[in-house]
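Visitor: Can you keep this structure in mind? I'll have questions shortly.
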Amino acid sequence: MAKIDVVDNGGGAADAEIAEVLGSQAGVIARRQVLEAGRHDPYIRRMLRRNEWARIHDGVYVNHTGPPTWQQRAWAAVLYAAPAALCLESAMWREGPLIHVAVDVNRTVLVEPDGVRIHHLAQLDQRALWHVGPPRVRYEEAALDVACRTTEFEAIAVLADACQSRRTTAQRLLAALDGRARIPRRRWLRAVLVDIADGTCSVLEHGYLNRFERAHGLPRATRQARSRSSAGVRYRDIEYGQRLVVELDGRLFHDSAAARNNDLERDLDAAVDGRLTVRLSYQQVFDRPCQTAGKIAQILKQRGVEVYGHPCGPACAYPAVDLAA
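For what it's worth, full-length UniProt numbering labels the leading residue of the sequence shown as 1, then goes sequentially.
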């Protein structure tokens with residue numbers, strides 16, 4: 001965040017420095033920065049009285065009277081708790097009703113303004129990027145922190161989405177994980193990240209890998225295979241050679257008619273290549289994996305693929321599916 005050298009400025013020079021700080025902090029400024037520029041409390045009161053500024057938190061102001069943007073709220077929270085850095089979802093730039101900020105673990109407890117959650121974090125100096133605006137915990141550290149605080153299903157989504165966003169990689173997340181002295185679910189998180197590094201790019205793909213292939217001994221598929229079609233370069237979720245394409249549809253509804261048309265075009269291109277396309281939903285992968293795995297095994301066998309599957313447990317529905325083709 002911007003730091004102003006303490007000098008005995010005239011009014012014009014002080015105003016120029018204040019304008020520079022406002023410009024670098026999305027229109028947000030702290031009282032201490034105004035004082036460092038050479039202005040004093042009467043100046044702040046005058047700006048508030050003229051409706052040129054509005055108070056967001058105690059000692060933090062924005063240069064308009066309308067609703068603050070998410071970025072302005074983020075700056076305001078960091079300036080209020082300074083030295084502080086955005087953390088958790090806020091450090092991942094995921095906009096929400098709460099702004100999460102981290103302060104050093106040894107700081108005294110601060111009053112939390114509305115819309116702000118303050119977390120005391122060990123080794124904050126090493127985990128934060130202080131030179132960016134607003135300061136924030138490193139993306140990999142934030143993603144791991146969020147994954148530790150959610151269900152396993154949500155944690156897979158957080159880590160997979162983080163890698164798909166191209167803001168980080170599974171290898172960098174693994175390095176951050178190894179750098180933690182203590183972290184909940186370490187072994188499980190490592191296994192998920194290894195799977196993501198191996199090409200598992202979504203919650204559904206991770207579910208398919210573990211609940212279908214590994215649990216039932218199905219043949220190992222190729223993931224995110226690059227192919228060129230009439231609509232350009234595409235990536236198929238799961239391929240079994242030239243026999244079967246499995247597309248994992250995580251949407252409850254198609255995003256648009258164009259998205260639906262793209263899906264149909266992919267299926268048609270696969271058919272031209274002699275491959276059958278099967279689309280699976282969340283329910284088929286997570287609610288009835290044994291039954292669905294049996295059907296996938298049956299399709300593979302019908303198309304000439306050797307399948308040596310097995311039940312995943314005593315109550316598994318896999319053997320109930322007729323694999324005789």
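Where a beta carbon is used, it is the ideal one built from N, C-alpha and C, also for glycine.
Can you give me the start and stop residues for the beta strand (DSSP E) that Y61 sits inside?
Guide: Within the sequence shown, numbered from 1, the residue matching residue 61 stands at position 61. Y61 -> beta strand (DSSP E) spans 60-62.
Visitor: Would you say the stretch 83-101 touches the stretch 53-62, given that touching needs at least three Cβ pairs under 8 Å?
Guide: no
Visitor: Would you report the Cα separation of A14 and P97, rounded to the nearest angstrom?
Guide: The sequence position of residue 14 within the sequence shown is 14, counting from 1. The sequence position of residue 97 within the sequence shown is 97, counting from 1. C-alpha separation (whole angstroms): 34 Å.
Visitor: Taking H120 as the reference, which of L110, P311, V105 has the closest Cα?
Guide: Numbered from its first residue, the sequence shown carries residue 120 at position 120. Considering only alpha carbons, the answer is V105.
Visitor: For R46, does the count of other Cβ atoms within 10 angstroms reach 16, so buried, or fall short, so exposed?
Guide: Reading the sequence shown from its first residue, position 46 is the one you call residue 46. Exposed: under 16 other Cβ atoms inside 10 Å.
Visitor: Please classify T168: does DSSP put it in a helix, a strand, or coil?
Guide: Translated into positions along the sequence shown, residue 168 becomes position 168. Three-state result, T168: coil.
Visitor: Taking the alpha-carbon positions, what's the residue 333 to C290 distance?
Guide: Outside the shown range of the chain (1 to 325) lies residue 333, about which nothing can therefore be said.
Visitor: To the nearest angstrom, how far is it from the Cα of R127 to the Cα of V137?
Guide: For the purposes of this step, residue 127 is taken as the residue at position 127 of the sequence shown. For the purposes of this step, residue 137 is taken as the residue at position 137 of the sequence shown. Whole-angstrom Cα-Cα distance: 6 Å.
Visitor: Let me know if V21 comes out buried or exposed under the rule of 16 or more other beta-carbons within 10 Å of its beta-carbon.
Guide: Here residue 21 refers to the residue found at position 21 of the sequence shown. With at least 16 other beta carbons inside 10 angstroms of its own, V21 counts as buried.
Visitor: Which of the three DSSP states is assigned to R223 in this structure?
Guide: Residue numbering aside, residue 223 sits at position 223 when the sequence shown is read from its first letter. Three-state result, R223: strand.
Visitor: Count the other CB atoms within 10 Å of the CB of S256; is the residue buried (16 or more) or exposed (fewer)?
Guide: As a working note, residue 256 is residue 256 in the sequence shown. For S256, the predicted structure reports a pLDDT of 46, less than 50, and the residue's modelled location is therefore unreliable. The matter cannot be settled from this model.
Visitor: What would DSSP say about V116, mapped onto helix, strand or coil?
Guide: Along the sequence shown, read from residue 1 onward, the residue named residue 116 stands at position 116. In this structure, DSSP gives V116 an extended state, which the three-state scheme calls strand.
Visitor: Count the C-beta pairs between the stretch 151-164 and the stretch 184-203 that are closer than 8 Å, then say yes if the count reaches three, no if not.
Guide: yes
Visitor: Classify A81 as helix, strand or coil using the three-state DSSP reduction.
Guide: Counting from 1 along the sequence shown, the entry for residue 81 is found at position 81. In the structure shown, A81 sits in coil (DSSP, three-state: anything other than H, G, I, E or B).
Visitor: Considering only DSSP beta bridges, list what L22 is partnered with.
Guide: Residue mapping note: residue 22 aligns to position 22 of the sequence shown, counting from 1. The partner list for L22 (beta bridge, DSSP) is empty, contrary to what the question assumes.
Visitor: Count the other CB atoms, across all protein chains shown, that sit within 10 Å of the CB of D178; report buried if there are 16 or more and exposed otherwise.
Guide: Taking the first residue of the sequence shown as position 1, residue 178 is located at position 178. By the neighbour-count rule (16 or more Cβ atoms within 10 Å), D178 is not buried but exposed.
Visitor: Where does H57 sit, in a helix, a strand or coil, going by DSSP?
Guide: The count along the sequence shown starts at 1 and reaches residue 57 at position 57. If DSSP states are grouped into helix, strand and coil, H57 belongs with the strands.
Visitor: Can you list, in chain order, the residues of its chain with a C-beta nearer than 7 Å to that of A176? Leave out the 5 residues immediately preceding and following it.
Guide: Residue numbering aside, residue 176 sits at position 176 when the sequence shown is read from its first letter. So the qualifying residues of the chain are E140, E141, L144.
Visitor: I think G207 touches F286, with their Cβ atoms under 8 Å apart; what is that distance to the nearest whole Å?
Guide: The count along the sequence shown starts at 1 and reaches residue 207 at position 207. The count along the sequence shown starts at 1 and reaches residue 286 at position 286. With a Cβ gap of about 6 Å, G207 and F286 count as contacting.
Visitor: With H, G and I counted as helix, E and B as strand and the rest as coil, what does DSSP make of N103?
Guide: As a working note, residue 103 is residue 103 in the sequence shown. Correcting the residue identity first, residue 103 is Val in this sequence and not Asn. In the structure shown, V103 sits in a strand (DSSP, three-state: E or B).
Visitor: Suppose contacts are defined by Cβ-Cβ distances below 8 Å. Is A81 in contact with L110 by that definition?
Guide: Taking the first residue of the sequence shown as 1, we reach residue 81 at position 81. Taking the first residue of the sequence shown as 1, we reach residue 110 at position 110. Yes, Cβ-Cβ distance for A81 and L110 is below 8 Å.
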